[in-house]
DNA sequence: ATAATATTAATAATCATTATCAAAAAATTC
DNA sequence: GAATTTTTTGATAATGATTATTAATATTAT
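Residue numbers (my numbering), protein chains in the order written: chain A, 1190 to 1333; chain B, 1190 to 1333.
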């Protein structure tokens, strides 16, 4: 188990039950992927067949609120969760319209943008950016 | 009725029933606002008391598919619709976390970003950017 | 007008998520 | 360590936004 994660769990005195551990393991096994709650449930049941869906939702919610996971709404009105690598470092997404794969975009692409808005009197606390298009593999394939 | 809109309707040979007209009027009366389907239904019923919610959903969907409306998913997993002022000119949003008001951000803030991604082999066809924070009015008020 | 096509309103169905609640597990108190 | 309180769980019901169904109504073409 990752040290930082462990630290966060303690800091929130969060009891690590076997259900919560199963969910965390699923997220760690899928580092870099963006899983829906349903997908997490499927995977978690391979480790713990009786885990209930309410528990999975509750756990994902809790982990997201401690910034251990990112929770993002993608097309189709479904939330997806991914392991947060580095605390406060938000990043953004490119969704391939063909294969559906989700790639990451580093934060610093957005530098300067928030400043412009703050010059207009807004106070920005968060933002969310998604690109839709074709990834390098799909781009040149015939069946876009 | 706006000329451009009328042209688009014709171009898609879209029959302007009284229900559809009511929905369009609501959107035009609320230019600049971002309405949920439910809100459109409420307003539309003031003009046409028997209009059904399925009709409102269908109509909003149709108008969005002709680019007469923008359809955007905001927090809470709800779509909101707004009148599209200018055809292909996408814009983005700042959502005030206090009053919920939605402000617009002009496109050109993002210039250059897509190019960087295209240099990496992606082909970008669309994007979506939302900022969350406090608007100038709410920023200095005591009860953030 | 008559028949074919579109559109509608009401309502049921869907799907992701949340709430409820009694049972099980864990922690705390005596 | 047994008794009691607190937390967590799983099953299931409820919710809320959206979509599908369907029979009735309106519109258009013949």
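Glycine included, C-beta positions come from ideal geometry on N, C-alpha and C.
Listed by chain order, chain B residues near residue i by CB distance under 8 Å
i: residue 1315(A); result: 1320, 1321, 1322
Neighbour list for residue i in chain A, Cβ cutoff strictly below 9 Å
i: residue 1328(B); result: 1310, 1311, 1312
The alpha helix (DSSP H) enclosing residue i, as first and last residue numbers
i: residue 1302(B); result: 1302-1308
i: residue 1193(B); result: 1192-1200
i: residue 1218(A); result: 1207-1218
i: residue 1327(A); result: 1325-1328
Per-residue contacts from residue i into chain B (C-beta, under 9 Å)
i: residue 1213(A); result: In chain order: nothing, as chain B lies at least about 25 Å away.
Cβ-Cβ separation, residue j to residue i (assumed contact under 8 Å), whole Å
i: residue 1312(A); j: residue 1323(B); result: 4 Å
i: residue 1201(B); j: residue 1242(B); result: That belief does not hold up - the Cβ atoms of residue 1201(B) and residue 1242(B) are roughly 23 Å apart, past 8 Å.
i: residue 1320(A); j: residue 1291(A); result: Not quite, the Cβ-Cβ distance comes to about 10 Å (not below 8 Å), so this is no contact.
i: residue 1249(A); j: residue 1273(A); result: With 8 Å as the limit, residue 1249(A) and residue 1273(A) do not qualify as a contact, their Cβ atoms being about 12 Å apart.
i: residue 1233(B); j: residue 1245(B); result: 6 Å
i: residue 1226(A); j: residue 1263(A); result: About 12 Å; that fails the 8 Å criterion.
i: residue 1214(B); j: residue 1236(B); result: 7 Å
i: residue 1325(A); j: residue 1301(B); result: The pair is not a contact, with the Cβ atoms about 20 Å apart (cut-off 8 Å).
i: residue 1281(B); j: residue 1306(B); result: Between residue 1306(B) and residue 1281(B) the Cβ distance is about 16 Å, and since that is not below 8 Å, they are no contact.
Any chain B beta carbon closer than 8 Å to residue i
i: residue 1325(A); result: yes
Per-residue DSSP class, three states only, for residue i
i: residue 1336(A); result: Residue 1336(A) lies beyond the residue range present for chain A, which begins at 1190 and ends at 1333; the question has no answer from this structure.
i: residue 1186(A); result: The structure shown does not extend to residue 1186(A), since chain A spans only 1190 to 1333, so no value can be given for it.
i: residue 1246(A); result: helix
i: residue 1264(B); result: coil
i: residue 1258(A); result: strand
i: residue 1224(B); result: strand
i: residue 1230(A); result: helix
i: residue 1237(A); result: coil
Chain A contact residues for residue i, given Cβ-Cβ distances below 8 Å
i: residue 1283(B); result: 1306, 1311, 1313
Unbroken beta strand (DSSP E) run spanning residue i, endpoints
i: residue 1292(B); result: 1291-1294
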